[in-house]
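The sequence shown stops at residue 644 when you use this note's numbering, and every number in between is there.
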Amino acid sequence: MKIGIKNLTFEEIFFACQNNEKIEVSNSILKKLQKKRENIEVLIKKGNVMYGINTGFGALKNQNVNPQDLAILQENLIVSHSVGVGNPIPENIVKAIMILMVNSLSKGFSGVRPVVVKTLVSMIEKDIIPVVPEKGSVGSSGDLAPSAHIVLVLIGKGEAFYLGKKISGKEALEKAKIKPVKLEAKEGLALINNTSTMTSFAISALFLAQTVKNIADIAAALSAEALRATTKAFDKRIHNLKSHVGQIKVASNMQELLKGSTMIDKNRIQDQYSIRCVPQVHGAISDAIEYVKNIVNTEINSVTDNPLIFASGKVTEVISGGNFHGEPVAIAMDFLRLAVCEYANISDRRIASLLDPNHNFGLPAFLAKNPGLNSGMMILQYSTAALVSENKILAHPASVDSIPTSANIEDHVSMGTIAARKTLEVLENVTNVLAIEILVACQAIDFRLKNYKLGKKTAKIYTKIRKNVPFFEKDREYMPYVSKIVKMITAGDLNLK
């Protein structure tokens with residue numbers, strides 16, 4: 148992946164982390180960074196007072212720092228801000244954080260030396276992954292604590308994962324033959340004043356949301372066949388009258404998925420909402436995902452530092468602002484999390500219908516071949532009910548909360564990192580619910596296959612599932628098979644070409 152050539156997308160960063168792609172920063176960008184650095188050093192020598200460069204931070208902004216102490220100021224910033232708590236952030240997400248830091252710094256408005264960017268790139272290339280606790284960021288001014296834990300390793304402190312082991316940051320750099328960076332004026336602040344952690348979680352959440360979006364329609368189509376539903380509600384004439392883009396696309400997709408199916412009951416007047424309103428519900432979620440894609444891709448390619456360095460001719464200005472504030476990501480993640488909860492909500496209702504002999508049109512209770520002796524899939528719906536309920540709790544927006552920090556100077560914060568972490572957790576729950584729906588729907592379909600046939604596309608999905616998950620003649624441990632379907636979903640094995 149080449150940094151600075153063009154805007155990056157969330158998919159590119161996700162795959163770069165998954166595939167350990169090489170990260171490159173061109174010599175022209177490094178020369179630009181060097182020039183901007185020289186501009187800053189001129190201002191420092193002139194004695195200009197500049198926030199975070201030769202002053203304290205936050206509420207200590209009016210405390211001037213002696214020129215000989217500027218390097219100590221930056222190291223003190225990093226060690227004092229490394230106060231995250233909780234489990235380590237997954238390694239692929241930490242790697243994405245580092246890529247985002249490189250991308251932002253490479254735009255040349257932060258004033259860091261080229262060696263800072265080159266060392267970060269070397270850490271990524273050598274697979275040195277700092278140990279970063281998942282909690283402790285309020286999402287403004289930037290993801291301070293998690294970023295500081297990354298910078299600890301950059302300067303030869305902290306802890307890192309290297310070759311599968313957790314060791315000291317100093318030892319990791321030594322083993323990889325990377326020289327630790329001795330921070331100079333502005334550099335510590337530039338490295339932690341960012342939205343990279345929340346945006347990295349957002350990248351993983353958005354990628355999973357896209358995956359789930361494709362699977363949700365497939366799960367609904369399989370359930371529609373198992374319940375012998377009608378396709379009348381997917382008629383394009385209905386949806387053209389409401390004209391939401393997502394709704395129209397989902398209705399068309401449902402028609403396509405069910406084409407050729409004889410399980411569909413053409414004489415049915417109408418179905419329950421969880422079938423009939425799939426285009427309206429899934430379509431609205433799809434539209435939400437498209438909105439969030441734009442926000443996340445914009446944030447990926449933004450400069451989120453403070454202060455920022457602007458040079459025009461012989462004039463260099465250091466201007467303080469608030470690009471570190473994570474409100475765009477916070478709101479987008481709260482929106483996405485709220486939206487994708489509905490995939491699980493409506494899926495759980497279809498599962499309940501498949502298992503209920505009063506609503507499943509002739510199928511045995513809980514899809515057990517011998518109900519009574521066997522409980523069948525009764526308790527799978529308990530699991531989905533629990534996941535759906537948990538999602539409702541997690542759906543509470545993080546962005547509406549703000550606790551002032553730094554003696555009330557930083558008096559409004561985004562909580563964007565909390566929003567993004569919760570969104571990824573909800574999506575993992577949603578994935579499990581949809582996996583359970585697919586397992587249950589395929590069990591139900593097997594009771595009908597003697598007399599009917601599946602649509603051409605749903606038949607392909609059914610065949611893929613049956614290569615990994617059997618028809619259950621009697622009670623079994625179901626969860627290993629749910630896990631298999633989850634893996635198929637996340638690996639893209641159920642995508643239709």
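Every residue gets a Cβ at the ideal spot worked out from N, C-alpha and C, and that includes glycine.
Asked: Can you have a look at Tyr529 and say buried or exposed, based on whether 16 or more other CB atoms are within 10 angstroms of its CB?; Found: exposed
Asked: Roughly how many angstroms lie between the CA atoms of Leu267 and Arg260, to the nearest whole one?; Found: 12 Å
Asked: Could you work out which residue in Ala243, Thr463, Ser294 is closest to Val189 when comparing CA atoms only?; Found: Thr463
Asked: Given a cut-off of 7 Å, decide if Gly283 and Ala295 are closer than it, judged by their beta-carbon atoms.; Found: no
Asked: Could you check what DSSP says for Thr531 in three-state terms: helix, strand or coil?; Found: helix
Asked: Going along the chain, which unbroken runs of the alpha helix (DSSP H) with 4 or more residues stay wholly within the segment 381–456?; Found: 383–387, 392–404, 420–423, 425–447
Asked: So for Val230, helix, strand or coil by DSSP?; Found: coil
Asked: Nearest CA to the CA of Leu180: which residue from Arg496, Ala588, Ile246, Gly258?; Found: Gly258
Asked: Let me check understanding here. Comparing Cα to Cα, which of Ser399, Ile314, Val226, Ser347 lies closest to Phe162?; Found: Ser347
Asked: Tell me which same chain residues have a C-beta within less than 8 Å of the C-beta of Thr564, skipping the five on either side of it?; Found: Ser284, Val285, Gly286, Asp290, Pro293, Thr344, Met345, Phe348, Gly473
Asked: By alpha-carbon positions, which one of Asn521, Ile632, Val392, Lys254 ends up nearest to Arg623?; Found: Asn521
Asked: What is the rounded straight-line gap between the Cα of Val443 and the Cα of Met562?; Found: 16 Å
Asked: In terms of residues, what are the limits of the beta strand (DSSP E) holding Ser343?; Found: Run containing Ser343: none in the beta strand (DSSP E); it sits in the alpha helix (DSSP H), 343–373.
Asked: Do three or more CB pairs link the segment 473–489 to the segment 543–554 at distances below 8 Å?; Found: yes
Asked: Can you say whether Ala554 is buried or exposed, counting buried as having 16 or more other CB atoms within 10 angstroms of its CB?; Found: exposed
Asked: If Glu489 and Ile422 are in contact, beta carbons under 8 Å, what's the gap, nearest whole angstrom?; Found: Between Ile422 and Glu489 the Cβ distance is about 15 Å, and since that is not below 8 Å, they are no contact.
Asked: Any idea what DSSP makes of Tyr309, helix, strand or coil?; Found: strand
Asked: Which class does Asn211 belong to by DSSP, given the choice of helix, strand or coil?; Found: strand
Asked: Measuring alpha carbon to alpha carbon, tell me which residue in Ile297, Asn414, Leu217 is nearest Leu247.; Found: Ile297
Asked: Could you tell me the boundaries of the alpha helix (DSSP H) in which Thr637 lies?; Found: 626–638
Asked: Can you give me the Cβ contacts of Asp412 inside the same chain, cut-off strictly under 6 Å, excluding the 5 residues immediately before and after it?; Found: Arg375, Thr377
Asked: Considering Pro280, what are the terminal residues of the alpha helix (DSSP H) in which it resides?; Found: That residue, Pro280, is in no alpha helix (DSSP H); its beta strand (DSSP E) goes 280–282.
Asked: In whole angstroms, what separates the C-alpha of Asn341 from that of Ser288?; Found: 8 Å
Asked: Considering only residues of the segment 468–538, which uninterrupted beta strand (DSSP E) runs meet the minimum length of 3 residues and lie entirely inside it, listed in chain order?; Found: none
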